[in-house]
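S.K.: Residue numbers (the working numbering), protein chains in the order written: chain A, 1 to 346; chain B, 1001 to 1346; chain C, 2001 to 2346; chain D, 3001 to 3346.
Glycine included, each C-beta is placed from N, C-alpha and C at the ideal position.
Here the structure is a predicted model, which is why all the values come from computation and not from measurement.
Mind having a look at this structure? Questions to follow.
Number of protein chains: 4
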Amino acid sequence: MNFASDNTGPAHPAIMQALVAANAGHAASYGGDDLMAQVRARVRELFEAPEAAVYLVATGTAANALSLATLAQPWETIFCARTAHVHEDEANAPEFFTGGAKLTLVDAPDGRMTAERLRAVIAAQEGRGIHSPKRGPVSVTETTETGTTYGPARLRALLAVARAQGLPVHLDGARLANALAFSGAAPADLTWRAGVDVASLGGTKDGCPGVEIVVLFDPARGEEFEYRRKRAGHLFSKHRYLSAQALAWLEGGLWLDLARRANGAAAHLAGGLRDKGIEIIFPVEANLVFFNAPRALHRHLMAQGADYHLWGGSLDGPDPDEILAARLACDWSADEAMIARFLGLI
Amino acid sequence: MNFASDNTGPAHPAIMQALVAANAGHAASYGGDDLMAQVRARVRELFEAPEAAVYLVATGTAANALSLATLAQPWETIFCARTAHVHEDEANAPEFFTGGAKLTLVDAPDGRMTAERLRAVIAAQEGRGIHSPKRGPVSVTETTETGTTYGPARLRALLAVARAQGLPVHLDGARLANALAFSGAAPADLTWRAGVDVASLGGTKDGCPGVEIVVLFDPARGEEFEYRRKRAGHLFSKHRYLSAQALAWLEGGLWLDLARRANGAAAHLAGGLRDKGIEIIFPVEANLVFFNAPRALHRHLMAQGADYHLWGGSLDGPDPDEILAARLACDWSADEAMIARFLGLI
Amino acid sequence: MNFASDNTGPAHPAIMQALVAANAGHAASYGGDDLMAQVRARVRELFEAPEAAVYLVATGTAANALSLATLAQPWETIFCARTAHVHEDEANAPEFFTGGAKLTLVDAPDGRMTAERLRAVIAAQEGRGIHSPKRGPVSVTETTETGTTYGPARLRALLAVARAQGLPVHLDGARLANALAFSGAAPADLTWRAGVDVASLGGTKDGCPGVEIVVLFDPARGEEFEYRRKRAGHLFSKHRYLSAQALAWLEGGLWLDLARRANGAAAHLAGGLRDKGIEIIFPVEANLVFFNAPRALHRHLMAQGADYHLWGGSLDGPDPDEILAARLACDWSADEAMIARFLGLI
Amino acid sequence: MNFASDNTGPAHPAIMQALVAANAGHAASYGGDDLMAQVRARVRELFEAPEAAVYLVATGTAANALSLATLAQPWETIFCARTAHVHEDEANAPEFFTGGAKLTLVDAPDGRMTAERLRAVIAAQEGRGIHSPKRGPVSVTETTETGTTYGPARLRALLAVARAQGLPVHLDGARLANALAFSGAAPADLTWRAGVDVASLGGTKDGCPGVEIVVLFDPARGEEFEYRRKRAGHLFSKHRYLSAQALAWLEGGLWLDLARRANGAAAHLAGGLRDKGIEIIFPVEANLVFFNAPRALHRHLMAQGADYHLWGGSLDGPDPDEILAARLACDWSADEAMIARFLGLI
């Protein structure tokens, strides 16, 4: 019963097969492989962005930090949700890659920044001219860290705040597939048509061993991204193994199918928990379920083999009745039996 | 009627005379001058720290950023007040000098962090191991940005939180002289005896053209500081002109006299304002006075030649009755006549 | 006839099978997988270093830059061969990861620094104290970029120069397997017993899709390496796919077999070229062959489908008789037929 | 007899008087002072550059590193003479300020790069695309570190190489005044008319306590420079003391007079040495004299109170007859008596 993360499950077998299939003969290195040309064409088509610059890296932190460094100057500040992965989970990667830009945090109780809050925080970050950091890019996450999604309309409204200030926008799309599966929107609607300049589309949490697609809608940013990727050690020599993952994942809509499966598992889990009177904290719109339960129940579940993370708080506290929040993450492989077993323990 | 900043007034004439006097004949460069040896001895004596490493730089931002870089690793986060100069007024200098460390902000409504708040923020910054920044130094400001002071007991209690976690402590002492003048404490009581590892003692805001003394109580940190100072362009070739300032400023307690004068002027101002029914926002413990007044009054004062800064808000708003906060900064040269003229306008 | 690089060939099938096999069920992420525990144990055994800290990354540039950043301070200079990959082929990655350290170059006509040259360059880099960079680590490459090897005795003699100065040592082992296959030495003899502090053992150029093993012989350096890896985006969430590569590659000495095959192919090529009167530039001790040939011959070979890189110079020059140097790189998959075909064209 | 550096002598009294005179009343901080407006106007007139952005900093390293950071991307390499101050004497400041750019060295036996050498080095730095640093700015020093000058024609010819490649140009003008005094050229002829984008004009080595003028001929670069200066701690709050130095130094051509005096002293020294059969190493075109003499003579001179630096080599060697090079630096205050005394010792 592993709900610890969407990175603890296996890759989809079709992707592993594609890796094996890609392993024949010689191939040009450093992104010059034929498979990458196919990935590029496929991604441009998918995003309705025939000119976009398209790159692959292996980790979400690399995708985010390289994208932010391409958008932000070292003397700027990046606006993001207080819960953003780029702030909380990357050990200062944005600060490192940008050469010392700052992150200015926007409260986002359910994971989503609101236009009002973003506007207010941007407005507050100005009055000192050269003394305080200049306003830099807005970084938004879709699906958010709490499993909620913006959807096209809300995202467009949020990013209009950035556009009005002339600020560029980065989208952390480590779980963009889940948000697209939930809303049914076109990829363009959650990216460039909503005001995004650089987006990632994450394969790693959605059935790949490790690949993230970075899309720069203004191809003029491409050269800088390429130099930054290389000097950060994120340009793969045997690049075909990234390309093959991405291509198989995009093939026939597999990426969306996997995201739908993960979303479905989460919905199933959330429904089951609600049926048992467990409080679900955030709307379940993707593959993450946050719930409240007494410490004693968490202990019981984990003792029986359930693997998941508390969201703050500690299993070791004295009071068995204290309510602790927790996160369940479903990947594409989370099956009925596992979910039923988990729900059965409650 | 210039209350815009404690950096708009003149230097004390004795310090200018010392500059002129230092300008005779040849002197060793890069800190090898005889005056610097005297400064070093005098500072060690003053701080009761016979082994301390002592350096001079010309700006407060240099003093802070170099000190923090010596204490923090790039993958750490620095804890400081939300209002701290290192966060708000240095255009990402700490992020730059540390190679990308983060600043984690502690609410400090009156400018002072409390032990409880600092403890809570440090505690919250931990659970993700390698994924989030490691806990790094605590940076504290004395006098704070709002003109309040910690004083020895409160500072010791606050920094005990850092010591308990094994975190090093930086003290931004751009206005340390004012705090020492207010409390009458020994310099050691507001620095190493309270738990400070590296402190600055600022001359620039207290009557010097531009000199900040940095004291590293552990001399083993000295070599790193020296290399960092040099590669940041902050090692002066004609160093004697920094030394001469510092020496004349320390001579005969001039530095404390000047701080007392500035504090006295602020107390006078605050008293006069209170007498006229104006609300003073923070305890006036140093050379800064924050007060609330209607927009119309601010307009009147500035139209009559008073020079000071609003603390948020804008003179241009529509409502003449809206209450706006403002800051008055007094330097040593703020004289009775100027203050009387200002108060007379209200 | 692809001799363009040792990164254009396929991975060994056994390693692909291991990847597929690793793709079953759930596994702890971020290096907590069981396979990594096995890799760690195997590497420690192989290097006779039971305490060593062992990490995996996906690219050679990441391995080098992270290792150098762990050894060098930003105000230091790194000593390396003028031809070193860290200088020539990493787009300033060492400068980026170290926060601005310098690289000081040592002439190495056949790819190998000599003790005399290294000593002289280190000696020359000193006289200015704080004004010039401090002496930092020595970075050595085994197999060198020109396909020569140091071997244990020569390496020990070279690194004695660093040890005498108290300078730490990094070994770029992107092709260390080839050097070990050539000399028959124990891994410890080409690393810690010769004076190396941090070494990489590269799988990518030796039959893996993309994995580099970093070994820090002083485990106290491990925590810093882990934070640096994370903030550089080089910690893989689905780490099992790095572990599985490394484990299969080490299993049963496959790594050495593959290196021997590649070395054998290069020896065969070099012999064949010599038989045809072609000048071989450097001793062929690993999997690289450098040779001189007239422009016209290079044109002929490439026109017939041979893929390799000139070593300086351009195919487009006017003089068909001009002698141009070129590099042939053999990977484990370079077979007899391909080599025979190539030699047959001459 | 202090010839150790042009930074060991006193400032000119007129400049000290200007400092004292500037110390009256209040003045806007951070460069908003009236004196700075005058400096800006005067510098623009002097350089025949009515649109140029003009800034002041206190050290030559700050001027150089900030300028280079404005011109170079982190993934580029800067071309400069092997003897350049930015390479040898700034403890990696360019690498720090640029975020990790590299310096590629051009041999310059007499301190001057030649167009041929620069062209060859630039040409050699290309072939690897994204793998090696991109070609970045050329940094040239006038007066060079060896006391030679380019003069307008030679400089224009050299920089044509950079222009032909589309590379921007930085001029380290720490001793630009001496070169202008020597050649009689207009400041524009040694800067923008010769192809320079950003130049410094150094006051510190020419009679000021510490001020360097940075001129960006394309004012569009100004905002970036301002942010970089601020976040590097090089924006002075009490800026009037920088402005006052610069203004007094420029007033009535004092800056050129002082440079002429220093140049004259060096010429006198060199002539005297030649008369005594001492070999002068480089053409004496500014205020530096390099000469060869046996170790025994150096020992004698220093024992008698002469203060200067050997140029490589050590006073402590065993052979009294070994010829050692040395540098004599003259500042404006080097008087006849001091020079006569020195020559008398030989």
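#1: So which residues of chain C does B:Tyr1055 contact, with C-beta pairs closer than 8 Å?
#2: Counting only Cβ pairs nearer than 7 Å, list the residues of chain D close to A:Glu226.
#3: Rank C:Glu2048, C:Phe2282, C:Asp2257 and C:Leu2071 by C-alpha distance to the C-alpha of C:Leu2190 and give the top, closest one.
#4: Using three-state DSSP, classify D:Leu3171 as helix, strand or coil.
#5: What residues of chain B sit near A:Trp75, judged by a beta carbon separation below 9 Å?
#6: How is B:Arg1349 classed by DSSP in three states: helix, strand or coil?
#7: Using only the alpha-carbon positions, how far apart do C:Ala2199 and C:Thr2143 sit?
#8: Return no unless some Cβ of chain D is closer than 8 Å to the Cβ of A:Arg240.
#9: Output the boundary residues of the beta strand (DSSP E) element that contains D:Val3347.
#10: Check whether the Cβ atoms of C:Gly2100 and D:Glu3224 lie closer than 8 Å to each other.
#11: Compare the C-beta of A:Gly100 against all C-beta atoms of chain F and say whether one is closer than 8 Å.
#12: Cβ closer than 7 Å: which chain D residues qualify as neighbours of B:Thr1204?
#13: Beta carbon of A:Ala194, beta carbon of A:Pro152: below 8 Å?
#14: If I'm right that A:Ala93 touches C:Ala2232 with Cβ under 8 Å, what's the distance once you round it to whole angstroms?
#15: Can you tell me which of the three DSSP states B:Gly1025 falls into?
#16: Is the region 2265 to 2282 of chain C touching the region 2336 to 2343 of chain C, taking contact as three or more C-beta pairs under 8 Å?
#17: Assign A:Lys134 to buried or exposed, taking buried as 16 or more other Cβ atoms, counted over all protein chains shown, within 10 Å of its Cβ.
#18: As a quick exercise: from A:Arg40, A:Gly111, A:Arg240 and A:Ile78, pick the residue whose alpha carbon is nearest that of A:Val169.
#19: Pairing CB atoms from the region 1020 to 1027 of chain B with CB atoms from the region 3006 to 3019 of chain D, are three or more of them under 8 Å?
#20: C:Lys2230 CB to nearest chain B CB: under 8 Å?
#21: Would you be able to state if there are at least three C-beta pairs under 8 Å between the region 205 to 224 of chain A and the region 48 to 67 of chain A?
#22: List the DSSP bridge partners of B:Ala1079.
#23: Excluding the 5 residues preceding and the 5 following C:Gln2304 in the sequence, name in chain order all residues of the same chain whose CB lies nearer than 7 Å to its CB.
#24: Hey, B:Asp1307 and B:Phe1003 are a contact pair by Cβ (cut 8 Å); roughly how many whole angstroms apart?
#25: In angstroms with no decimal places, state the Cα-to-Cα distance between B:Ala1120 and C:Ser2029.
#26: Do the region 241 to 260 of chain A and the region 37 to 48 of chain A meet, that is, are 3 or more Cβ pairs less than 8 Å apart?
#27: Determine the burial state of D:Pro3137: buried for a count of at least 16 other Cβ atoms within 10 Å of its Cβ, exposed for fewer.
#28: In chain B, which residues lie with their C-beta within 7 Å of the C-beta of A:Pro133?
#29: For the candidate residues A:Asp218, A:Phe236 and A:Ala174, whose alpha-carbon lies nearest to that of A:Gly203?
#30: Which residues in chain D have a C-beta closer than 9 Å to the C-beta of C:Glu2088? List them in chain order.
#31: Compute the Euclidean distance between the alpha carbons of B:Leu1269 and B:Pro1294, then round it to the nearest angstrom.
#32: Tell me B:Asn1292's beta-bridge partners as DSSP assigns them.
#33: Considering only the alpha carbon of each residue, which of D:Glu3285, D:Ile3281 and D:Lys3276 lies closest to D:Ala3340?
#34: Give a yes or no on whether 8 Å exceeds the smallest Cβ distance from A:Val215 to chain C.
#35: Would you tell me roughly how many angstroms separate the C-alpha atoms of A:Leu343 and C:Arg2260, rounded to the nearest one?
#36: Here's the rule: buried if 16 or more other CB atoms are within 10 angstroms of the residue's CB, otherwise exposed. What is A:Ala220?
M.R.: Well, looking at it:
#1: In chain order: nothing, as chain C lies at least about 11 Å away.
#2: Ile3130
#3: C:Glu2048
#4: strand
#5: The contact set of A:Trp75 on chain B, defined by CB atoms closer than 9 Å, consists of Ala1091, Asn1092 and Phe1096 in chain order.
#6: No answer is possible for residue 1349 of chain B: the residues shown for chain B start at 1001 and end at 1346.
#7: Approximately 12 Å between the Cα atoms of the pair.
#8: no
#9: Residue 3347 of chain D lies beyond the stretch modelled for chain D, which goes from 3001 to 3346, so this question has no answer here.
#10: no
#11: Here the protein chains are A, B, C and D, and chain F is not one of them.
#12: Ser3237 and Lys3238
#13: The Cβ-Cβ distance between A:Ala194 and A:Pro152 falls below 8 Å.
#14: 7 Å
#15: coil
#16: yes
#17: buried
#18: A:Ile78
#19: Look at the beta carbons and you see the region 1020 to 1027 of chain B touching the region 3006 to 3019 of chain D: at least three pairs across the two are nearer than 8 Å.
#20: At least one chain B Cβ lies under 8 Å of C:Lys2230.
#21: yes
#22: Note that residue 1079 of chain B corresponds to Phe in the displayed sequence, not to Ala. Note: B:Phe1079 sits in a beta bridge opposite B:Thr1104 and B:Val1138.
#23: Here the set comprises Leu2345.
#24: Right, their Cβ atoms sit about 6 Å apart.
#25: Cα-Cα distance, rounded: 29 Å.
#26: yes
#27: Label assigned to D:Pro3137: buried.
#28: Ala1091 and Asn1092
#29: Residue A:Ala174 is the option with its Cα nearest to A:Gly203.
#30: Arg3128, His3131 and Ser3132
#31: Approximately 18 Å, taken between the alpha carbons.
#32: B:Glu1279 and B:Ala1325
#33: D:Lys3276
#34: no
#35: Between A:Leu343 and C:Arg2260, the alpha-carbon positions lie close to 55 Å from each other.
#36: exposed
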